[in-house]
Every structure is written in C-alpha cells, then in structure tokens.
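Q: Starting off with a structure, shown below.
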Amino acid sequence: MSTNIFLNKKYFDEDDIKEIEELSKTPKKRKSHKVEDHKSYYQSKHPHHLRRRKRSKPEEPIYDIWTILPLILACFLFVASILLYNKKNKPIPYCSSDTIYEKCIPCPEDATCHKGVAKCNHGYKFSGKVCVTDVELNMKAMKLAIRMGKFIASNPNEFCNASLPVTYTDLSNEFSSYPVFDDAINRISSSDYDIHITDGYYISLNPILDMKCKVFVFAEQNKTSLALVLVAFVLILVLFISIRIRISTRKAVKVYAKKIVEALKRDKSGEMHHTEEFEPMRGNRLLKHWDEVVDEVETYACIDIFNTKKGKMWKYNHSNELDDLIM
Numbered sequence: 001m002s003t004n005i006f007l008n009k010k011y012f013d014e015d016d017i018k019e020i021e022e023l024s025k026t027p028k029k030r031k032s033h034k035v036e037d038h039k040s041y042y043q044s045k046h047p048h049h050l051r052r053r054k055r056s057k058p059e060e061p062i063y064d065i066w067t068i069l070p071l072i073l074a075c076f077l078f079v080a081s082i083l084l085y086n087k088k089n090k091p092i093p094y095c096s097s098d099t100i101y102e103k104c105i106p107c108p109e110d111a112t113c114h115k116g117v118a119k120c121n122h123g124y125k126f127s128g129k130v131c132v133t134d135v136e137l138n139m140k141a142m143k144l145a146i147r148m149g150k151f152i153a154s155n156p157n158e159f160c161n162a163s164l165p166v167t168y169t170d171l172s173n174e175f176s177s178y179p180v181f182d183d184a185i186n187r188i189s190s191s192d193y194d195i196h197i198t199d200g201y202y203i204s205l206n207p208i209l210d211m212k213c214k215v216f217v218f219a220e221q222n223k224t225s226l227a228l229v230l231v232a233f234v235l236i237l238v239l240f241i242s243i244r245i246r247i248s249t250r251k252a253v254k255v256y257a258k259k260i261v262e263a264l265k266r267d268k269s270g271e272m273h274h275t276e277e278f279e280p281m282r283g284n285r286l287l288k289h290w291d292e293v294v295d296e297v298e299t300y301a302c303i304d305i306f307n308t309k310k311g312k313m314w315k316y317n318h319s320n321e322l323d324d325l326i327m
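One point on numbering: in the UniProt record's numbering, the residue at position 52 of the sequence shown is 52, and numbering is uninterrupted.
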C-alpha cells in the first residue's frame, strides 16, 4: 500500500510526501553493526526535519469597551467614596474674624486663628483643642540662658565687681545655632549671674572670679580683719625675736661670767682684782649687760667679794671649789 494514503495532504506538500515514500523503500537492515530507525536515518539525511506549517490566525484585541467601562466605573466609585468620606469627616473650623462659618469652635486662649485654622502662640503647643505651655521648649531655653549667662560672667573686669561687656553679636556668633536662641535671650536676665543690659551691652554683676579676683575681693571685704591679723602677727614676731635675743643674751652672760671665774682661778697670786678689769670692750653687746655678768659671777661660791674704797673686788677661793661642783 502506498504510504501517501496515511499522510494528510492538509499538513504535507507533494515534496514531503515524495521524500517519505523514498524513505519507506529504503532497506531496514544495513551492513553497519548499528541499526537505525526511520526517524534517525531521515534526520541524518535531511537535517531540515519535518515541520508543520501553521496557519496564520488574526490576533484579538486585549481591551475593548466591555473591559474599559468597568474600570472607569470602579475609579469613579473610588473617588466618590473618598469625597463623601472627607465631607462627612471634615473637621469643624475654628472661629476667626476673617471668615464666617455656620458652625465653628471658639479660638483657644494663647492662640491665633486665621481662616478656620488655629495656631498656638510662641512658647505654647496644642493639647487637644487648647494651647498649653511648651514645658520642653522652656526648659531648653532656660538651659541655654544659663550657658549664655555663664559665658558673659566668665570674664571679670579689673576690679572684679562686674564682667566685661558682651554684645548681642558676640552672643549670636556663639549660640545662634541653637533653635531656642531667641527664647534664651529673653530669659537671660533670670539666670544666677545677675545679667543687666546697658546701652546694648550685656554685663554680669555676679561674675565668675578667678583666683586673683577671689583674693582681691576677700581683701576688699575684710580690710579691718586683715589689718588686725597683720598687727597681731607683727606683735607675735617681735615677741618671738625679743625672747630669742633675751635667751641668747642670758647664755652669753653665763659664758662670759664663767670665763671671768676661770681667769680668777688661773691667778695663783691670791690677789684681789677690781671688777672693772673684766668689763667687756666698748662695742661688745655685753657691756650693756655688765650688771648681769657681775651678778652671775658672784653666784659662784668660790668667788670672794670685797667692797673697798676703790670699788668692788673679787678673789678666787680654792677652798670653796667643792661647793661649786656640788651646785
């Protein structure tokens, strides 16, 4: 039976049918050890392979009136729902003199209302529908005011009773980067540094004193007390020096008296000697204390004292040496 009866001429042309018929007449066995089937053999001889021819079919449009119309309707409904929601939940405006409303909320205290909108004044913030003091802002402004006051008071003048003047420009250059700078300027006079504004200058009457100023201020505030302390110190010093001089003089008197006694002892003649023979030379400080030297010499038991017409005389008595050793 011819092979072409099995082929659908709808899908194959005449050339394809002829090729298939020739293929069917090819022996099934070949001399090679490997037997190939019809398909592999045909593919080796005809690389173009069998292809079906597709019939062209017109493309149908993706969008038409029945798909666009529901989309437009959905968008319209979405917008309408949003407008209806906003109209139903529109906030009640605040009463203001520039606009008239059928229904409005009274303008809060410490606030400014314009075209139905309320805005709290500086230093206040909204809490519900009222304006309350902004505690956080005030705390930040006060902290900055203290820092600015310290900056002003940190440079005392030569009399240490006030600070050197500081201008607004100086403060602006140093602290204008802080958002609460203007609020701090208004609170700077309430700091602990007693800031006063005179002719546009900021001056502290309670400056921060360095060690030099502390000494100067203490001396100015305690002049009388310091004078009394100084006088007392001088008196104590004079007394101390006087005591030291007296002790030194007494020691020198004892030494000089002992030398006189030793000189009398070395005299083996046994003669009496006038006291004037032992007086210190002029210029010696013991000359003013000669009476004390005489009294000290006469305390020795080995010294015999004779009051003659020529004056007081001394003589060494060897028999009384033992008494001096006992003393």
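Backbone N, C-alpha and C define an ideal beta-carbon position, used for all residues, glycine too.
Taking buried to mean at least 16 other C-beta atoms within 10 Å of its own C-beta, is F151 buried or exposed?
A: When all chains shown are included, F151 counts as buried.
Q: Entirely within the segment 194-225 and at least 4 residues each: give me those alpha helix (DSSP H) ranges in chain order.
A: Fully enclosed alpha helix (DSSP H) runs of 4 or longer: 211-221.
Q: So, using beta-carbon positions, are residue 328 and S190 closer together than 9 Å?
A: Not covered by the structure: residue 328. The range shown for the chain is 1 to 327.
Q: Going straight from the alpha carbon of residue 330 to that of V79, what length do you get?
A: Summary: the structure shown does not reach residue 330, with the chain confined to residues 1 through 327, and so no result is reported for it.
Q: Find out if the Cβ-Cβ distance for the pair I208, M148 is shorter than 9 Å.
A: In this structure, M148 does not lie closer than 9 Å to I208 by Cβ.
Q: I need the DSSP call for K125, collapsed to helix, strand or coil.
A: Looking at K125 - three-state DSSP - the assignment turns out to be strand.
Q: Taking the alpha-carbon positions, what's the V255 to V297 distance?
A: Each residue's alpha carbon lies about 10 Å from the other.
Q: Once the 5 residues before and after L164 are set aside, which same chain residues still bring their CB inside 6 Å of it?
A: These residues qualify, in order along the chain: N155 and N157.
Q: On the premise that P93 lies in contact with Y101, defined as a C-beta separation below 8 Å, what is that separation, rounded to the nearest angstrom?
A: 5 Å between Cβ atoms; contact.
Q: State yes or no: is the C-beta of F233 within less than 9 Å of the C-beta of M272?
A: No. Outside cutoff.
Q: Enumerate, from N- to C-terminal direction, the unbroken alpha helix (DSSP H) stretches of 4 or more residues contained entirely within the segment 168-193.
A: Complete alpha helix (DSSP H) runs here, min 4: 168-175 and 181-187.
Q: Taking 9 Å as the cut-off, decide whether the C-beta atoms of Y316 and L239 are in contact.
A: Against a cut-off of 9 Å, the Cβ pair of L239 and Y316 comes out as no contact.
Q: Inspect the beta-carbon positions of C75 and P108 and report whether they are closer than 9 Å.
A: Contact flag unset, no.
Q: Looking at the structure shown, is G270 part of a helix, part of a strand, or coil, going by DSSP?
A: In the structure shown, G270 sits in coil (DSSP, three-state: anything other than H, G, I, E or B).
Q: Nearest-angstrom Cα distance between C120 and V135?
A: Going from the Cα of C120 to the Cα of V135 covers about 14 Å.
Q: Using CA atoms only, rank isn't needed, just tell me which of I65, N161, H122 and V261 is closest to D194.
A: Selected option, being the one with the closest Cα: N161.
Q: For the segment 164-173 against the segment 211-226, are there 3 or more C-beta pairs whose distance is under 8 Å?
A: Judged by Cβ distances under 8 Å, the segment 164-173 makes no contact with the segment 211-226, as fewer than three pairs qualify.
Q: Using the three-state DSSP reduction, which class does R30 fall into: helix, strand or coil?
A: Low local confidence applies: a pLDDT of 48 at R30 is under 50, so the model's placement there is unreliable, with the coordinate-based value given in what follows. Here R30 sits in coil by DSSP.
Q: Which residue's Cα is closest to the Cα of V253: L237, T167 and K288?
A: Answer by Cα proximity: K288.
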